[in-house]
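Chemist:
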RNA sequence: GUCUCCUUCGUCUAGUGGUUAGGACACCGGGUUUUCAUCCCGGCAACGCGGGUUCGAUCCCCGCAGGAGAUGCCA
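In the working numbering, the protein residues as written are 181 to 701.
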């Protein structure tokens, strides 16, 4: 078709430029890991090719679409820092980008297919009486492991609508039956295509769902019709989507063929699974990006980790900024096999990023958690930020997620009024020992003061040596007295942040507990 | 059931017709440390099975097994 391709020279530029890809979520639930991974791959692919990334909202299921879900798509994109070149919000030359605003289009194209004899009105089908699944996203629905078998066969369409007599049609029309539009699928032959990730895939036409519905009786298109029409109209060149779409791709190809359109390239992405190997869902743990966000994962950690689910760069590198991925991403490195989502590795990534974060930014990210505990003025003031900043050295390397800050600094913002004797007393020691050690340790602190932390440190060590015991024995009772816990940030720094005055009271309180324990021995 | 896809350490993955099959997380051990954490060092651990092709297969082909997905007027 290209007059220049006689010499075979002009094919290359076509491959490299003008790539147009899209992410086409349906606003039925919060954006989840799998969806976002697809979005990311599309985005990176577009950027790496200098192409366009389109966001299209597929809200053709009226009953399951929700405005909050739509908002969540935008929020998630913004949080991750990925911008669509064309979207419902930014607009673009191929809009509208919301399918519910395009229904006339689908109807018109469905009619075109009917006129061409490639589709037909079916008056025999009635909607499933099954109640719609309601407001929940698919992931929220508990699966019944054993019911899957009957599904395919039970209510399968058997082409009766294909040859209904005119009289019969009139009768049903009169009775108020609203027809659906079905694609006429030739039962012989096969459809095959070359998937950019998977290679050649073929499927016999008779194995496809029998004459699938294109237009529902409510006038809305099904995914199959809408996605083909829109991808064509929006001049999408590459469809990158999850592997769960592989089985219906031949169907889509048949639709392209019926219209006489050239189909785009397809690249089916490996799915994201839970620990047990089934599609990642609620019961595996958090799945939506907002949830991770709330718990205190950083966007760069999420992005980095998710991108590595089914894609790799080489044999060792695993840290990538968004900018780097925009350049380095390539289809060739996509894996075929599904990937299991590993929450622990995500934690590790997050910890790594947390430790690298500039102070200002870390303080900013942490502040909402402090506010939520009521430990700052609301809104937080400069003094609150400075206070937190001072705590950073004490807590930073102890954070896996931002929310971890709360238990770590609680002792500074809330009174400690109870001490457990068991924690106060080091192993193999008596309450009396602990009491003495606590007294001694505190005496050292009082004597040296808190100006010079190293000096306190030294003095404590010296004191321990003098009475011939481990520093730990000296410090543990003091740590528990100060923080109320045997696990805490570094002691001297903690006391310093608490202040001598408050620390003194806590030591006294703990001392009382030890005395009581000693006498009851 | 049928159809489609997939198969390297527990997990994410690199890799080649001849490698001690590499890295990371997790795990285990050791070190630093004041608890926890960080950090450092070390260790454990994989080519699903059976046939071919080949001088030689983890890699190529076939079969099997296992897993997943699809089978909706959901996407």
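Idealized CB from N, CA, C, for every residue including glycine.
By Cβ distance below 6 Å, which residues in the same chain neighbour residue 202 in space, the five residues on each side in sequence not counted?
Modeler: Looking up residue 202 in the first chain gives position 22. 234, 236 and 416, listed in sequence order.
Chemist: Assign residue 267 to one of three DSSP states: helix, strand, or coil.
Modeler: As a working mapping, residue 267 is identified with position 87 in the first chain. Three-state DSSP puts residue 267 in a strand.
Chemist: Identify, in the order they occur along the chain, each residue of the same chain with its Cβ nearer than 7 Å to the Cβ of residue 654, setting aside the five sequence neighbours on each side.
Modeler: On the first chain, residue 654 is found 474 positions in, with the first residue counted as 1. Closer than 7 Å at Cβ, skipping near neighbours: 617, 620, 621, 640, 643 and 644.
Chemist: So what's residue 246 in DSSP terms, helix, strand or just coil?
Modeler: Position 66 of the first chain, counted from the start, is the residue given in the question as residue 246. Three-state DSSP puts residue 246 in coil, outside helix and strand.
Chemist: Answer with buried or exposed for residue 461, where buried requires no fewer than 16 other C-beta atoms within 10 angstroms of its C-beta.
Modeler: Taking the first residue of the first chain as 1, we reach residue 461 at position 281. Burial call: buried.
Chemist: Using a threshold of 8 Å, state whether the C-beta atoms of residue 224 and residue 505 are closer than that.
Modeler: The count along the first chain starts at 1 and reaches residue 224 at position 44. The count along the first chain starts at 1 and reaches residue 505 at position 325. Yes, they are a contact pair.
Chemist: Hey, how far is the Cα of residue 552 from the Cα of residue 422?
Modeler: Along the first chain, one-based indexing puts residue 552 at 372. Along the first chain, one-based indexing puts residue 422 at 242. Taking the straight line joining both Cα atoms gives about 38 Å.
Chemist: At which residues does the alpha helix (DSSP H) containing residue 644 begin and terminate?
Modeler: By one-based count along the first chain, residue 644 stands at place 464. Where residue 644 is concerned, the enclosing alpha helix (DSSP H) stretches over 633-646.
Chemist: Out of curiosity, what's the CA-to-CA distance linking residue 656 and residue 554?
Modeler: Locating residue 656 in the first chain gives position 476, where the first residue counts as 1. Locating residue 554 in the first chain gives position 374, where the first residue counts as 1. If I take the Cα positions, the gap works out to 29 Å.
Chemist: Whole-angstrom Cβ separation of residue 427 and residue 517, contact assumed at under 8 Å?
Modeler: On the first chain, residue 427 is found 247 positions in, with the first residue counted as 1. On the first chain, residue 517 is found 337 positions in, with the first residue counted as 1. That pair is no contact at about 17 Å.
Chemist: Just to confirm before moving on: does the CB-CB distance between residue 204 and residue 484 stay below 8 Å?
Modeler: Numbered from its first residue, the first chain carries residue 204 at position 24. Numbered from its first residue, the first chain carries residue 484 at position 304. Result no, Cβ atoms of residue 204 and residue 484 do not sit closer than 8 Å.
Chemist: What is the DSSP secondary structure of residue 589, counted as helix, strand or coil?
Modeler: Within the first chain, the letter at position 409 stands for residue 589. It is helical.
Chemist: Please give me, in chain order, every unbroken run of the alpha helix (DSSP H) with length at least 4 that falls completely inside the segment 534-590.
Modeler: Correct list: 539-552 and 562-575.
Chemist: Please classify residue 486: does DSSP put it in a helix, a strand, or coil?
Modeler: Translated into positions along the first chain, residue 486 becomes position 306. In the structure shown, residue 486 sits in a helix (DSSP, three-state: H, G or I).
Chemist: If you check the beta carbons only, do residue 661 and residue 625 fall under 8 Å apart?
Modeler: Here residue 661 is taken as the residue at index 481 of the first chain, counted from 1. Here residue 625 is taken as the residue at index 445 of the first chain, counted from 1. No. Outside cutoff.
Chemist: Using C-beta distances below 7 Å, list every residue in its chain close to residue 635, excluding the 5 sequence neighbours before and after it, in chain order.
Modeler: Taking the first residue of the first chain as 1, we reach residue 635 at position 455. For residue 635, where only same-chain residues beyond five positions count, the Cβ hits under 7 Å are 628.
Chemist: Out of curiosity, what's the CA-to-CA distance linking residue 337 and residue 395?
Modeler: Against the first chain, residue 337 aligns to sequence position 157. Against the first chain, residue 395 aligns to sequence position 215. Looking at the two C-alpha atoms, the distance is approximately 15 Å.
Chemist: To the nearest angstrom, report how far apart residue 543 and residue 382 are at their CA atoms.
Modeler: One-based indexing of the first chain puts residue 543 at position 363. One-based indexing of the first chain puts residue 382 at position 202. Residue 543 and residue 382: Cα-Cα distance of roughly 54 Å.
Chemist: For residue 455, which residues of its own chain have a beta-carbon under 7 Å away from its beta-carbon, when the five flanking residues on both sides are left out?
Modeler: In the first chain, counting from the first residue as 1, residue 455 sits at position 275. Closer than 7 Å at Cβ, skipping near neighbours: 464 and 520.
Chemist: Can you tell which of 401, 442 and 384 has its C-alpha closest to the C-alpha of residue 412?
Modeler: Indexing the first chain from 1 puts residue 412 at position 232. The candidate whose alpha carbon is nearest that of residue 412 is 442.
Chemist: Apart from the five residues on each side of it in sequence, which residues of its chain come closer than 6 Å, Cβ to Cβ, to residue 601?
Modeler: Residue numbering aside, residue 601 sits at position 421 when the first chain is read from its first letter. Cβ within range, chain order: 693 and 697.
Chemist: Buried or exposed: residue 648, going by 16 or more other Cβ atoms within 10 Å of its Cβ?
Modeler: Start at 1 with the first residue of the first chain, and residue 648 comes out as number 468. Burial call: exposed.
Chemist: From residue 362 to residue 438, what distance separates their C-alpha atoms?
Modeler: For this step, residue 362 is matched to residue 182 along the first chain. For this step, residue 438 is matched to residue 258 along the first chain. Spanning the two alpha carbons is a distance of roughly 12 Å.
Chemist: Measuring straight from C-alpha to C-alpha, what distance separates residue 240 and residue 513?
Modeler: Indexing the first chain from 1 puts residue 240 at position 60. Indexing the first chain from 1 puts residue 513 at position 333. One C-alpha to the other measures close to 33 Å.
Chemist: Going by DSSP, what residues sit across from residue 374 in a beta bridge?
Modeler: If you number the first chain from 1, residue 374 lands on position 194. 380.
Chemist: Is DSSP giving residue 445 helix, strand or coil here?
Modeler: On the first chain, residue 445 is found 265 positions in, with the first residue counted as 1. Residue state, collapsed to three classes: strand.
Chemist: Whole angstroms is fine: what's the gap from residue 219's alpha carbon to residue 285's?
Modeler: Locating residue 219 in the first chain gives position 39, where the first residue counts as 1. Locating residue 285 in the first chain gives position 105, where the first residue counts as 1. Looking at the two C-alpha atoms, the distance is approximately 25 Å.
Chemist: So residue 680 and residue 604 are in contact, right, with Cβ under 8 Å, and what is the actual spacing, rounded?
Modeler: Numbered from its first residue, the first chain carries residue 680 at position 500. Numbered from its first residue, the first chain carries residue 604 at position 424. 20 Å between Cβ atoms; not a contact.
Chemist: Going by DSSP in three states, residue 617 sits in which element: helix, strand or coil?
Modeler: Stepping through the first chain from its first residue, residue 617 is reached at position 437. Reduced to three states, the DSSP call for residue 617 is helix.
Chemist: Alpha carbon to alpha carbon, what distance is there between residue 289 and residue 404?
Modeler: For this step, residue 404 is matched to residue 224 along the first chain. For this step, residue 289 is matched to residue 109 along the first chain. So the two alpha carbons sit approximately 13 Å from each other.
Chemist: Do the CB positions of residue 232 and residue 418 come within less than 8 Å of each other?
Modeler: Taking the first residue of the first chain as position 1, residue 232 is located at position 52. Taking the first residue of the first chain as position 1, residue 418 is located at position 238. In this structure, residue 418 does not lie closer than 8 Å to residue 232 by Cβ.
Chemist: Please list, in chain order, all residues of the same chain as residue 480 whose beta carbon is under 8 Å from its beta carbon, the five residues on each side excluded.
Modeler: Indexing the first chain from 1 puts residue 480 at position 300. Closer than 8 Å at Cβ, skipping near neighbours: 501, 502 and 533.
Chemist: Suppose the cutoff is 8 Å on Cβ atoms and the five residues either side in sequence are ignored; what does the same chain contact list for residue 691 look like?
Modeler: Position 511 of the first chain holds residue 691. Cβ neighbours of residue 691 beyond the five flanking positions: 615, 618, 619 and 661.
Chemist: Report buried or exposed for residue 446, applying the criterion of at least 16 other Cβ atoms within 10 angstroms of its Cβ.
Modeler: The count along the first chain starts at 1 and reaches residue 446 at position 266. Label assigned to residue 446: buried.
Chemist: How big is the Cα-Cα spacing for residue 349 and residue 245?
Modeler: As a first step, residue 349 must be located in the first chain, where it is residue number 169. As a first step, residue 245 must be located in the first chain, where it is residue number 65. Each residue's alpha carbon lies about 33 Å from the other.
Chemist: Report yes if the C-beta distance between residue 155 and residue 364 is below 8 Å; otherwise report no.
Modeler: Absent from the model: residue 155. The displayed extent of the chain is 181 to 701, so no value can be given.
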